[in-house]
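Novice: In the working numbering, the protein residues as written are -19 to 324. Backbone N, C-alpha and C define an ideal beta-carbon position, used for all residues, glycine too. Just dropping this structure here.
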Amino acid sequence: PTGGPRPRSGGWKYKFCVIILNFVVNHTGRGTGYRHRVRRWPTSKLTQRSFKLVTPAQKPDQKMVFVVGDSHLRAMVDGIVAMPEVPLCFSFLSVPGAHAAELRTEVSHAALPWTPDVVCVLAPSNNLTASRNIGEASLDFGALLATVCNRWAKVFVLDFPPRLNIEPGLQELFRQEFRRVAARLPYVSVAEHLPLDRLELWSRDGVHLSDSDGTPILVQALWDAAVRQLTPPPPPPPSVPPRTSPRARVSPVLVVTGHSPAARHRNPLEWTVVGQEGKVMCLSHFLAVHLYIFSGFMPLFCVCVCVYSSISGARSIVGVYVLDKIEFKTAFNKVCFPSFRLPV
-19 PTGGPRPRSG GWKYKFCVII LNFVVNHTGR GTGYRHRVRR WPTSKLTQRS FKLVTPAQKP
41 DQKMVFVVGD SHLRAMVDGI VAMPEVPLCF SFLSVPGAHA AELRTEVSHA ALPWTPDVVC
101 VLAPSNNLTA SRNIGEASLD FGALLATVCN RWAKVFVLDF PPRLNIEPGL QELFRQEFRR
161 VAARLPYVSV AEHLPLDRLE LWSRDGVHLS DSDGTPILVQ ALWDAAVRQL TPPPPPPPSV
221 PPRTSPRARV SPVLVVTGHS PAARHRNPLE WTVVGQEGKV MCLSHFLAVH LYIFSGFMPL
281 FCVCVCVYSS ISGARSIVGV YVLDKIEFKT AFNKVCFPSF RLPV
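Below, the structure is given as structure tokens:
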């Protein structure tokens, strides 16, 4: 509430002051590593920037790697940090301070005495400050890659080293966009090899890597990526024809149609001639005789087993019958032992 008389409406007059604070994080980090004093290079008539094109003589036993980038390549171009030469030979086009559009202009006019085996494009970190937004940087980077791919067949992208003086979140957004634009090309990341808490990896300006600690890491990442791109892929494994399950063999089935005569009922107590090889005989009298002789009584029923006997002596059971006392006596007297009759 404010001082002074109360208004007629009976309410107090309030004044609200809304303060909007804009927190701008200023990453003014400075590295502690050493970087050599910058040497003077010629000025390009195309972009009015200093540049240097290094094209060493190609050796027959070495693969040629052509690297396009900005001032992060200075220590390599000037020989401050040596490049491993076996089994590769590196050539450079370095344009310090150039963004993607300027690099495209320079690389489209670069005259090389030989055709490189592989081309490496260092992602342009100067677009972090030169581009008005990420969309503009994306278009310029896509045009740069299109120009390089139209001139040479084998191309890969090496991510830009992080900076200490720009917010890490903004740098990550640019990395993701560059990776999306170069989705059809191999993209090699280096940020995980350069942690921001190791200040000795950067020079005092917080932008460039130090010659003693930071640049050797970038060199190793570049060399490893080039070797991987030039190493022939392993031969594909021999193709093995798929195993097929064997098809089931179907046996032919003989189907006979027509009238089938009903089987004639046969008296199981009579001899039956089945051919010249054997006959059916009744063996029930053995069980019945034993019961009658040794037990002293006549069984109430009898189990009759019919056996097929062949000339070779093999026998098999062909039927089992149950007979009562009267049927058994009749069968015994008629079939089994005609000379010895049981009283009925």
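Taking the C-alpha atoms as reference points, what is the distance between L198 and P142?
Specialist: On the sequence shown, residue 198 is found 218 positions in, with the first residue counted as 1. On the sequence shown, residue 142 is found 162 positions in, with the first residue counted as 1. Cα to Cα, L198 sits roughly 11 Å from P142.
Novice: With DSSP run on the structure shown, which of helix, strand or coil describes L92?
Specialist: Reading the sequence shown from its first residue, position 112 is the one you call residue 92. If DSSP states are grouped into helix, strand and coil, L92 belongs with coil.
Novice: Between V66, L102, D97 and A81, which lies nearest to L73 when the distance is taken from Cα to Cα?
Specialist: In the sequence shown, counting from the first residue as 1, residue 73 sits at position 93. The residue with the shortest Cα to Cα distance from L73 is L102.
Novice: Suppose contacts are defined by Cβ-Cβ distances below 8 Å. Is E157 in contact with I114 by that definition?
Specialist: By one-based count along the sequence shown, residue 157 stands at place 177. By one-based count along the sequence shown, residue 114 stands at place 134. In this structure, I114 lies closer than 8 Å to E157 by Cβ.
Novice: Is there contact between the segment 40 to 52 and the segment 90 to 99, where contact requires at least three CB pairs shorter than 8 Å?
Specialist: Taking 8 Å as the limit for Cβ pairs, the verdict is that the segment 90 to 99 does touch the segment 40 to 52.
Novice: Select from T23, S24, V57 and R17 the residue whose C-alpha is nearest the C-alpha of P36.
Specialist: Numbered from 1 along the sequence shown, position 56 holds the residue referred to as residue 36. Minimum Cα distance to P36 is reached at V57.
Novice: Have a look at the DSSP bridge pairing and note the partners of C100.
Specialist: For this step, residue 100 is matched to residue 120 along the sequence shown. Looking at the DSSP assignment, C100 forms a beta bridge with V47 and F136.
Novice: How many Å lie between S111 and P218 at the Cα?
Specialist: Counting from one through the sequence shown, the residue named residue 111 turns up at place 131. Counting from one through the sequence shown, the residue named residue 218 turns up at place 238. Taking the straight line joining both Cα atoms gives about 51 Å.
Novice: I need the boundaries of the beta strand (DSSP E) containing F70, first residue and last residue.
Specialist: Locating residue 70 in the sequence shown gives position 90, where the first residue counts as 1. Looking at the DSSP string, the run of the beta strand (DSSP E) that includes F70 is L68 to S74.
Novice: When the Cα atoms are used, what is the spatial distance from Q200 to E172?
Specialist: Residue numbering aside, residue 200 sits at position 220 when the sequence shown is read from its first letter. Residue numbering aside, residue 172 sits at position 192 when the sequence shown is read from its first letter. Going by the C-alpha atoms only, they are around 13 Å apart.
Novice: Taking only three categories from DSSP, how would you classify S275?
Specialist: Here residue 275 refers to the residue found at position 295 of the sequence shown. Caution applies to S275, whose pLDDT of 42 falls short of 50 and renders its modelled position unreliable; the value that the coordinates give is listed next. Three-state DSSP puts S275 in a helix.
Novice: By Cβ distance below 7 Å, which residues in the same chain neighbour L26 in space, the five residues on each side in sequence not counted?
Specialist: The residue given as residue 26 occupies position 46 in the sequence shown. Hits under 7 Å: T85, E86 and H89.
Novice: Distance, Cα to Cα, K134 vs S71?
Specialist: Position 154 of the sequence shown, counting from 1, holds the residue named residue 134. Position 91 of the sequence shown, counting from 1, holds the residue named residue 71. Going from the Cα of K134 to the Cα of S71 covers about 15 Å.
Novice: Taking the CB atoms as reference points, tell me whether L174 and G194 lie closer together than 8 Å.
Specialist: In the sequence shown, the residue the question calls residue 174 occupies position 194. In the sequence shown, the residue the question calls residue 194 occupies position 214. Their beta carbons are under 8 Å apart, which means L174 touches G194 by this criterion.
Novice: Here's a check: name, in chain order, each residue in its chain whose Cβ is nearer than 6 Å to the Cβ of A78, leaving out the five neighbours to either side.
Specialist: Locating residue 78 in the sequence shown gives position 98, counting from the first residue. Hits under 6 Å: R29 and D50.
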